[in-house]
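Trainee: Mapping of the sequence shown onto my numbering: position 225 corresponds to residue 446, and the numbering continues sequentially without gaps. So that we are looking at the same thing, I have put the structure below in structure tokens.
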Amino acid sequence: MKPSNSYKEVQKLIGCLAVLNRFISKSGERNLPFFKNLRRTSMENFVWDEECKVAFQELKSYFGSPQLLSRPEPGERLQVYLAISDVAVKVMNRIMFKGIKNSILQSEVGLPTDMRIGFEEESNDQRLKEYLKFVDELRDEAVYKTLKYKQLMARSYNRRVKNCQFHSGDLVLRLCSASQPKKQSKLSPKWEGHYRVKRIVGPSTYELEDLDGKAVPRTWHASKLCKCYE
Numbered sequence: 222m223k224p225s226n227s228y229k230e231v232q233k234l235i236g237c238l239a240v241l242n243r244f245i246s247k248s249g250e251r252n253l254p255f256f257k258n259l260r261r262t263s264m265e266n267f268v269w270d271e272e273c274k275v276a277f278q279e280l281k282s283y284f285g286s287p288q289l290l291s292r293p294e295p296g297e298r299l300q301v302y303l304a305i306s307d308v309a310v311k312v313m314n315r316i317m318f319k320g321i322k323n324s325i326l327q328s329e330v331g332l333p334t335d336m337r338i339g340f341e342e343e344s345n346d347q348r349l350k351e352y353l354k355f356v357d358e359l360r361d362e363a364v365y366k367t368l369k370y371k372q373l374m375a376r377s378y379n380r381r382v383k384n385c386q387f388h389s390g391d392l393v394l395r396l397c398s399a400s401q402p403k404k405q406s407k408l409s410p411k412w413e414g415h416y417r418v419k420r421i422v423g424p425s426t427y428e429l430e431d432l433d434g435k436a437v438p439r440t441w442h443a444s445k446l447c448k449c450y451e
């Protein structure tokens, strides 16, 4: 690492240190001299002062001797950092057995758990009976809501359906996918005909005949027919 000789180089140095911020101990204090220098100077009168030189040398020595985690060697002295609180953080029941402290489990001493502390058998049975009284009512209410929802859906759909009615003698076309479903392909025609309505069998149901007067097998629904105009 070489010392910076210009205003922009100091800016680049601060940017690099910001990227390594999480890996540098007390990075704010180490970078403070560079920030002060940028505030005091400008691009025209930049000066690499003595405070920046000292901070730069400290950074070089810091990066030159990083503190790395390593496996301890046999006989090596280890430093242990202890943190003691003025108040108790957690309490655990322990018992001394053969000079060793062992923790006591709740099941070993019969201590009640949180679930059993608020449980009362008599009140629980009474509440259960009261709840079972309304099971049939809740089930019937759910069935009623389902039927009502289906009726609303059917009503909304039927409102948008346009009824197509034909009269005897009308010329119609027949849907090919209904008359010959196995012979259909991407390039096949969608409609075929012409046919003539021979008789009205029921609501939206008709008997057809060709133009020569030959009857067409089966009855056909209006959704499979399309009116044809000469």
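Think of the CB as a built atom: it goes at the ideal place given N, C-alpha and C, for glycine as much as any other residue.
What's the C-alpha gap between S400 and S406?
Mentor: 14 Å
Trainee: Ignore the nearest five residues each way along the sequence and tell me which others in R417's own chain have a CB closer than 8 Å to its CB.
Mentor: G390, D391, L392, V393, L429, E430, D431, L432
Trainee: Where does L446 sit, in a helix, a strand or coil, going by DSSP?
Mentor: strand
Trainee: Can you tell me whether DSSP reads Y302 as helix, strand or coil?
Mentor: coil
Trainee: Using C-beta distances below 8 Å, list every residue in its chain close to C237, excluding the 5 sequence neighbours before and after it, in chain order.
Mentor: Annotation for C237: no residue places its beta carbon closer than 8 Å to its own, counting only its chain and skipping 5 residues before and after.
Trainee: Thinking C-beta only, is V231 closer than 8 Å to L259?
Mentor: yes
Trainee: How should M336 be labelled, buried or exposed, when 16 other C-beta atoms within 10 angstroms of its C-beta is the threshold for buried?
Mentor: With a pLDDT of 49 at M336, under the threshold of 50, the modelled position of this residue cannot be trusted; read the value that follows with caution. Label assigned to M336: exposed.
Trainee: Between the C-alpha atoms of S377 and L368, what's the straight-line distance to the nearest angstrom?
Mentor: 14 Å
Trainee: Determine the DSSP secondary structure at P438, reduced to helix, strand or coil.
Mentor: DSSP places P438 in strand when its eight states are reduced to three.
Trainee: Rounding to the nearest angstrom, what Cα-Cα distance links K448 and L408 in this structure?
Mentor: If I take the Cα positions, the gap works out to 22 Å.
Trainee: Give the single residue among F255, K354, L396, A436 whose Cα lies nearest to the Cα of K274.
Mentor: F255
Trainee: Measuring straight from C-alpha to C-alpha, what distance separates N214 and L373?
Mentor: Residue numbering for the chain in the displayed model covers 222 to 451; residue 214 lies beyond these limits and cannot be assessed.
Trainee: How about R381 and K445: are their beta carbons less than 8 Å apart?
Mentor: no
Trainee: Taking all protein chains shown into account, do 16 or more other C-beta atoms lie within 10 angstroms of the C-beta of Y370, making it buried, or fewer, making it exposed?
Mentor: exposed
Trainee: Roughly how many angstroms separate the alpha carbons of T440 and K404, rounded to a whole number?
Mentor: 20 Å
Trainee: Helix, strand or coil for K419, going by three-state DSSP, please let me know.
Mentor: It is a strand residue.
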